[in-house]
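Step one of this worksheet: look at the structure below.
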Amino acid sequence: MPSYREVVCTKLSTDFREATEIVTHPALPSASAGHVVVKNKFLGINATDINVTNGVFNDGPPPFGTGLDAAGTVVEVGEGVTVVQVGDAVVYDKFGAYAEYVEVPVGSLHKLPELSAAGLPLTVCGISASIAITECGELSTNETVFVTAAAGGAGQFVVQLAKMAGNHVIGTCSSDEKAEHLKKLGCDRVINYNKESIDAVLKKEYPKGIDIAFETIGGEMFKTVFDNMAIRGRIIVFGHISEYRGDTPRSPFTVSAMNEVLLMKAVTVRGFLLRTYADIIPTHMANLFQLIKEGKLLAGVDPTEFHGLEAVPDAIDHMYAHKNIGKIVVQLP
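Going by the numbering used here, the sequence shown opens with residue 17, and the numbers climb by one from there.
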């Protein structure tokens with residue numbers, strides 16, 4: 017009987033390498049009613065992977081699966097499944113995606129025209145960016161949109177969607193290479209924070225402030241964003257990656273320090289978590305696929321190659337070293 021391997025969290029830690037082990041299961045998963053079994057080919061890396069291994073999304077103790085999204089081929093179809101068949105290429109989001117084979121609810125997957133890494137940026141990053149900027153950010157037109165980590169898996173989509181809607185987009189990044197990439201995506205102003213002060217640029221060039229901020233960094237970045245918001249500005253708290261590993265102290269910036277600005281500028285701060293918007297995911301996903309089909313949207317995959325389950329920790333380290341441009345993908349045999 018064929019076996020398969022899975023990356024399993026065996027101890028709680030924000031150090032993914034330390035928290036996980038590769039476990040071999042003696043038999044492949046089977047497809048229950050309303051589910052399919054997917055043989056994974058491409059795994060998607062996400063910043064919040066280390067939150068998963070730290071138990072943020074799990075009520076119970078380890079062991080539990082890791083990974084949020086993957087793409088592969090359907091190898092078994094459960095009772096009642098009609099939207100896909102054996103041999104179809106699919107992309108999906110599901111806790112426990114870092115495995116060679118995964119049982120997936122049919123409602124969590126999307127059919128691909130062909131099996132490639134190209135569809136993977138959409139499942140968590142793309143769909144999250146689309147919903148966050150439109151629903152939380154109340155995306156409009158002729159506004160100033162500020163995007164942190166703009167060259168990353170999610171940021172790249174926010175930049176493009178905001179530009180498509182007719183806005184002025186500011187993107188932050190850490191290198192000249194990323195800056196050039198962001199200009200190609202349509203960023204009107206790119207701030208390489210290793211060369212320029214974000215706060216100084218915003219105060220000098222955008223005295224009226226930011227209308228929408230897509231904030232993924234947290235800490236001092238959040239404070240800088242907050243201090244530079246426009247009247248009735250909207251801050252989307254998409255993450256706080258600078259604090260995930262716990263190697264930097266939490267910012268002492270408190271609600272009491274925010275109250276005056278919240279009141280006098282009518283600024284709103286809104287948190288985003290994808291699973292709380294499950295009812296509108298299909299609509300947004302269909303729109304993203306259509307935009308890509310029409311050549312209006314680029315779903316960038318980071319060019320650095322990672323191969324095999326053993327490479328997942330390396331891929332996560334690559335992200336936290338600020339080296340990726342686009343979605344990081346690990347390829348399986």
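Built from N, CA and C at the ideal position, the CB exists for glycine as well.
Asn210 sits exposed, since fewer than 16 C-beta atoms from the chains shown fall within 10 Å of its C-beta.
In the structure shown, the three-state DSSP call for Tyr293 is helix. Val72: not part of any alpha helix (DSSP H); DSSP gives it neither H nor E.
In the assembly as shown, Lys312 is an exposed residue. Its beta-carbon has fewer than 16 other beta-carbons within 10 Å. Here the region 327-338 lies against the region 31-43, with 3 or more beta-carbon pairs under 8 Å apart. Ranked by how close their Cα comes to the Cα of Pro77, the residues Thr26, Ile251, Arg248 and Glu154 have Thr26 in first place.
The straight-line gap separating the alpha-carbon atoms of Glu236 and Phe162 is approximately 15 Å. Contact check for Ser48 against Gly94 passes: the beta carbons are separated by less than 8 Å.
Sixteen is the threshold: since fewer than 16 other Cβ atoms of the shown chains lie within 10 Å of the Cβ of Ser19, the residue is exposed. Comparing alpha carbon positions, the residue from Asn303, Ile247, Glu37 and His126 closest to Thr160 is Ile247.
C-alpha of Arg261 to C-alpha of Pro329: approximately 14 Å in a straight line. With distances taken between CA atoms, Ala105 lies nearest to Ala86 out of Gly112, Ala86 and Ile143.
Where Val174 is concerned, the enclosing alpha helix (DSSP H) starts and stops at Gly171 to Met180.
In its chain, beyond the 5 residues on either side, Ile147 and Glu151 have a beta carbon closer than 8 Å to the beta carbon of Tyr293. Glu193: member of the alpha helix (DSSP H) spanning Asp192 to Leu201, first to last residue. Residue ranges of uninterrupted alpha helix (DSSP H) with 4 or more members, entirely inside the region 89-160 and ordered along the chain, are 143-147.
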